[in-house]
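Asker: Let me begin by handing over the structure; questions about it come next.
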Amino acid sequence: MPKNAKGRDIAEIIPAKCIGCQLCVGECKVDAIRMENGVAIIDSEKCIGCGKCVDVCPSNAVLFEKIRKKKAVIPAAEVKPGTEANIKPEYHGVAVFIEVVRGEVSDVSWELAGKARELADKLQTEVIGLLLGSNVGEVAKEAIAYGCDSVYVMDKPVLAAYFSRMYGRALVSMCEQVKPEIVLIGATPLGRDLSSVVATQLQTGLTADCTGLDIEPDIKLLSMTRPTFGGNIMATIWCRTRRPQMSTVRPRVMKMPVKDPARSGEIIPLDFSADGITVPQLIEFLPRAAEAGGVDITKAPVLVVAGKGACDAKSLPMLEQLAQVMGGSLACSRPVIQAGLLPYVRQVGQTGKTVAPQLYIGVGVSGAVQHLVGMQGSRKIVAINIDKEAPLVKIADYSLIGDYKQIIPELIKGFEARSSQLKNKPQSNLKGSQA
Ligand SMILES: Cc1cc2nc3c(=O)[nH]c(=O)nc-3n(C[C@H](O)[C@H](O)[C@H](O)COP(=O)(O)OP(=O)(O)OC[C@H]3O[C@@H](n4cnc5c(N)ncnc54)[C@H](O)[C@@H]3O)c2cc1C
17 MPKNAKGRDI AEIIPAKCIG CQLCVGECKV DAIRMENGVA IIDSEKCIGC GKCVDVCPSN
77 AVLFEKIRKK KAVIPAAEVK PGTEANIKPE YHGVAVFIEV VRGEVSDVSW ELAGKARELA
137 DKLQTEVIGL LLGSNVGEVA KEAIAYGCDS VYVMDKPVLA AYFSRMYGRA LVSMCEQVKP
197 EIVLIGATPL GRDLSSVVAT QLQTGLTADC TGLDIEPDIK LLSMTRPTFG GNIMATIWCR
257 TRRPQMSTVR PRVMKMPVKD PARSGEIIPL DFSADGITVP QLIEFLPRAA EAGGVDITKA
317 PVLVVAGKGA CDAKSLPMLE QLAQVMGGSL ACSRPVIQAG LLPYVRQVGQ TGKTVAPQLY
377 IGVGVSGAVQ HLVGMQGSRK IVAINIDKEA PLVKIADYSL IGDYKQIIPE LIKGFEARSS
437 QLKNKPQSNL KGSQA
């Protein structure tokens, strides 16, 4: 085995095995690998013997056996839970972080409580609520109504507003005491920030922005599914060697469970010390976009969604009018944002908002996977498209095939006529109706 100037073992290429793929060149952090006549060459003066080239080489052309062996890929069927020393049996329960912002619980927390119930039933374990805040006693009771069996609470004035370090310490301490097997957190701005702080401090894995969660039947691990490679494939990820298994999920991806005020459960207060953390002084809360007169497309019951096929400044007012007639809002796909026609807050999809309206009407939207992941939870889907083979048409409940410029005015006329008919109906008839 060759050595570098400091006497450390360094990697060596077997030229006959090298297929010239250059993966090792891209992986080498110290530029110690170059290509010559289609074969990788290692510069022994630059090589630091990290062995990263060994891991990426698809043809086993890098010799570096002494200090680093290539990691074995374990076939899924052979994965056994609990074989690693750091998975201790005391980890149990599916925990949900209950996010409270200025006294209001984020809906995603209840959506996750519903999902946690399903996962916990499969694992035959309990659903645990993890609650931080100030004066959150009522929220703890609500958590039980939404499916938690027990709720651990740190109720302190210092937790009234969110600060990463404060909440990070509190939730880490909670996880260390409660030892949940799984922790689910909403992928809100707060949840994204907090989950990464907590996962780092607990030295565990975190799968962000999951669109599907399940329990792998044989091995009882949490299967966390999320789009990857720009949304072109869905990856299912397991956290085999660390606990808790952590996942964030965006609002409206999971279904809202039914609230049952008759459920009973345990509320367990925990202590929290903020010693050593300086609390920043709050000057002012800025209003949210919706409060400031903006539009929150995640709350609209009906969404008319403009795609690239309906992406011109003259058409958008027509789509807005259809949205208004139907009591909904106007949203769009990414090309409309890129064309500068609507603000980012209106974008549906992987890099926009996840929506689940009662009615989604896609106008000139093809249905790329990055768009679909943000709207597939919609109750009814209507596609208006000239192309009957468009992916959105394939998943839609109803499709109108044709030019939107002809279809939309007809829809507006029809809905306007229907709403004036309803308005003109005598009130007494409506009240007296037994139907
Ligand atoms: C990392 C990454 C993240 C992304 N995130 C998002 C995201 O969050 N949201 C998102 O939307 N996209 C996202 N994209 C982009 C996505 O891949 C697609 O490019 C995009 O969704 C396509 O938008 P579209 O359907 O409006 O346009 P197109 O795919 O161009 O479709 C236009 C449709 O309009 C139809 N049409 C044309 N003329 C008419 C007409 N006169 N009447 C009726 N129909 C007509 C066409 O038949 C076609 O189906 C992302 C891409 C990447 C790589």
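Residue numbers for the sequence shown, in my numbering: 17 to 451. Even for Gly, the Cβ is constructed at its ideal location relative to N, Cα and C. Since this is a predicted model, take the numbers as computed values, not measurements.
1) Taking the alpha carbon of Glu115 as the reference point, which residue from Thr264, Leu346 and Glu197 has its own alpha carbon closest?
2) Just mark Gln363 as buried or exposed, buried being the case when its beta carbon has 16 or more other beta carbons within 10 Å.
3) Using beta-carbon positions only, say whether Leu238 and Leu135 come within less than 9 Å of one another.
4) In or out: Pro373 buried (at least 16 other Cβ within 10 Å) or exposed?
5) Quick check on this structure: which residue in Ser331, Glu300, Ser180 and Ala339 has the alpha carbon closest to the alpha carbon of Ala316?
6) At a cut-off of 8 Å, would you count Arg350 as near ligand 1, judging by its Cβ distance to the nearest heavy atom?
7) Which parts of the segment 147-208 are runs of the beta strand (DSSP E), unbroken and 3 residues or longer, counting only runs that do not cross its ends?
8) Which residue from Asn440, Ile402, His387 and Ala156 puts its Cα closest to that of Gln422?
9) Closest to Leu206 by CA distance: which of Ser122, Ile235 and Arg133 is it?
10) Thinking Gly65 and Gly36 are a contact (beta carbons under 8 Å), I'd like their distance in whole angstroms, please.
11) Taking only the alpha-carbon atoms, compute the straight-line gap between Glu142 and Thr227 and give it to the nearest angstrom.
12) Do Val379 and Gly323 have their beta-carbon atoms positioned less than 9 Å apart in this structure?
13) Is Leu408 near ligand 1, with its Cβ less than 8 Å from a heavy atom?
14) Does ligand 1 have a heavy atom nearer than 8 Å to the CB of Ala355?
15) What is the residue span of the alpha helix (DSSP H) that Cys40 lies within?
16) If you follow the alpha helix (DSSP H) that Arg350 is part of, which residue opens it and which one closes it?
17) Count the other CB atoms, across all protein chains shown, that sit within 10 Å of the CB of Lys404; report buried if there are 16 or more and exposed otherwise.
18) Please list, in chain order, all residues of the same chain as Lys271 whose beta carbon is under 7 Å from its beta carbon, the five residues on each side excluded.
19) What residues in its chain sit with their C-beta under 8 Å from that of Gly343, if we drop five residues either side in the sequence?
20) How about the segment 164-173 and the segment 278-295: do they share at least three Cβ pairs that are nearer than 8 Å?
21) May I ask whether a heavy atom of ligand 1 can be found less than 8 Å away from the beta carbon of Gln363?
22) Any heavy atom of ligand 1 inside 8 Å of the beta-carbon of Ser239?
23) What residue does the alpha helix (DSSP H) around Val70 start on, and which one ends it?
24) Between which two residues does the alpha helix (DSSP H) harbouring Glu405 extend?
25) Taking Ala399 as the reference, which of Val389, Gly390, Arg258 and Tyr420 has the closest Cα?
26) For Gly153 versus Asp276, is the C-beta distance shorter than 9 Å?
27) Going by the CB atoms, is the gap between Ala77 and Pro31 shorter than 9 Å?
28) Please classify Arg242 as buried or exposed, where buried requires at least 16 other C-beta atoms within 10 Å of its C-beta.
29) Pro267 and Val124 look like a contact to me (Cβ under 8 Å); what is the Cβ gap, rounded to whole Å?
Answerer: The relevant details are as follows:
1) Thr264
2) buried
3) yes
4) buried
5) Ala339
6) yes
7) 166-171 and 198-202
8) Ile402
9) Ser122
10) 23 Å between Cβ atoms; not a contact.
11) 22 Å
12) yes
13) yes
14) no
15) Leu39 to Glu43
16) Arg350 to Gln354
17) exposed
18) Glu127 and Gly130
19) Pro317 and Val318
20) yes
21) yes
22) no
23) Lys68 to Val72
24) Where Glu405 is concerned, there is no enclosing alpha helix (DSSP H), given that its DSSP letter is neither H nor E.
25) Tyr420
26) no
27) yes
28) buried
29) 4 Å
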